[in-house]
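S.K.:
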Amino acid sequence: MIKFVSRECYAELFIERFTRELSWRQVVAGDLIFQQGFPVSDMYLLKEGTAKIERQSHTAKRLLLDVINAPELLGYSDLEKQSLNPVSARAYTNCTVGFISSQDYLETLKANPDLFIYHLTAESKRNILLAQRLEWMAYASAKDRVILLLLQLCQTKQENERGEIYVDLLEQELAEMAGLTRETITRVLKDLKENFQLVIRRRQICLTAPDELRKKANEMGLSWEY
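Residue numbering for the sequence shown follows the numbering used here, starting at 272 and increasing by one per position.
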């Protein structure tokens with residue numbers, strides 16, 4: 272029986288299976304891991320650190336699409352011949368990144384059906400996440416979008432000994448991910464700070480009572496888990 276796995280579990284399996292094939296490099300915060308518009312040549316594994324997924328608009332503005340915490344796979348596995356990266360990945364903190372050529376990765380998937388199924392199920396989790404965010408953009412209020420987005424970003428984070436969870440985002444970055452203006456995100460965060468013990472720090476948003484936020488989302492019938 273084939274076990275269905277999360278992307279995080281698959282990332283750990285990826286490290287185990289491709290230990291010999293992976294090449295490693297350190298990426299300094301702010302530097303690119305791969306770039307939009309360049310040919311897809313490798314699959315990447317974020318082993319340590321946090322990365323941002325960005326897309327540059329036609330006006331040359333960088334838009335933040337997602338924040339990825341290790342361990343996680345980065346890259347695009349359709350890997351069609353001569354396909355181009357639709358987005359960029361940039362180190363948000365100092366990162367340890369492994370990479371393997373797309374061709375080697377695909378050949379290994381072809382030769383290992385179980386690994387291929389793991390890959391598909393892990394990718395389906397990402398598709399569910401993206402579908403949820405599109406639904407929020409269309410139907411959720413500004414406040415609900417922010418609550419859902421914070422909860423989704425917290426899923427791969429561990430609470431510290433005080434029960435807090437830190438999300439590594441600036442207000443402007445959270446606004447971009449939620450599809451809101453800076454003024455709206457400031458107003459929404461102010462309201463959340465008063466009601467859900469949310470603390471804004473220099474480059475972080477701290478949820479001091481994440482269970483209260485989860486409870487509120489459940490009461491409103493909001494879905495964020497994937």
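Just so you know, even glycine gets a beta-carbon here, dropped at the ideal spot from N, CA and C. What you are looking at is a predicted structure, and each value in this text was computed from that prediction instead of being measured.
Can you list, in chain order, the residues of its chain with a C-beta nearer than 7 Å to that of I324? Leave out the 5 residues immediately preceding and following it.
M.R.: L336, D337, I339, V358 and A360
S.K.: So, with DSSP's three-state summary, where would you put P310?
M.R.: Residue state, collapsed to three classes: strand.
S.K.: If you drop the 5 nearest sequence neighbours on each side, which residues of the same chain put their C-beta closer than 6 Å to that of N489?
M.R.: none
S.K.: Which of the three DSSP states, helix, strand or coil, is assigned to L355?
M.R.: strand
S.K.: Buried or exposed for G308, going by 16 or more other Cβ atoms inside 10 Å?
M.R.: Under this definition G308 is an exposed residue.
S.K.: Where does L451 sit, in a helix, a strand or coil, going by DSSP?
M.R.: coil
S.K.: By Cβ distance, which residues of its chain are closer than 8 Å to E430, with the 5 residues on each side in sequence left out?
M.R.: Counting only Cβ-Cβ distances below 8 Å, and skipping sequence neighbours, we find I436 and P481.
S.K.: Which complete alpha helix (DSSP H) runs does the segment 381 to 439 hold, if anything under 4 residues is left out?
M.R.: 384 to 410 and 413 to 425
S.K.: On a CA-only basis, which of E292, N356, T330 and R288 is nearest I304? Give me that one, please.
M.R.: N356
S.K.: Among the candidates S412, G450, E454 and R433, whose CA atom is the shortest distance from the CA of L478?
M.R.: R433
S.K.: Exposed or buried, what is Y410 when buried is set at 16 or more other beta-carbons lying within 10 Å of its beta-carbon?
M.R.: exposed
S.K.: Helix, strand or coil for Y363, going by three-state DSSP, please let me know.
M.R.: coil
S.K.: Looking at the unbroken beta strand (DSSP E) that takes in R296, where does it start and where does it end?
M.R.: Under the DSSP assignment, R296 falls in the beta strand (DSSP E) whose first and last residues are S294 to V298.
S.K.: Please state the DSSP three-state secondary structure of T330.
M.R.: Residue state for T330 is assigned as coil, using DSSP reduced to three classes.
S.K.: Within a Cβ cutoff of 6 Å, which residues of the same chain sit near M408, ignoring the five residues on either side of it in sequence?
M.R.: G450
S.K.: Taking the CB atoms as reference points, tell me whether L440 and I476 lie closer together than 8 Å.
M.R.: yes
S.K.: If you check the beta carbons only, do K381 and P342 fall under 8 Å apart?
M.R.: no
S.K.: Could you name the residues that DSSP lists as bridge partners for I476?
M.R.: V438 and I471
S.K.: Could you pull out every residue in the same chain whose Cβ sits closer than 6 Å to the Cβ of A300, ignoring the five residues on either side in sequence?
M.R.: Excluding residues within five positions, the ones whose Cβ falls inside 6 Å are A362, T364 and N365.
S.K.: Here's the rule: buried if 16 or more other CB atoms are within 10 angstroms of the residue's CB, otherwise exposed. What is H390?
M.R.: buried
S.K.: How big is the Cα-Cα spacing for R333 and A446?
M.R.: 13 Å
S.K.: From the DSSP output, which residues share a beta bridge with V459?
M.R.: Per DSSP, none; premise fails for V459.
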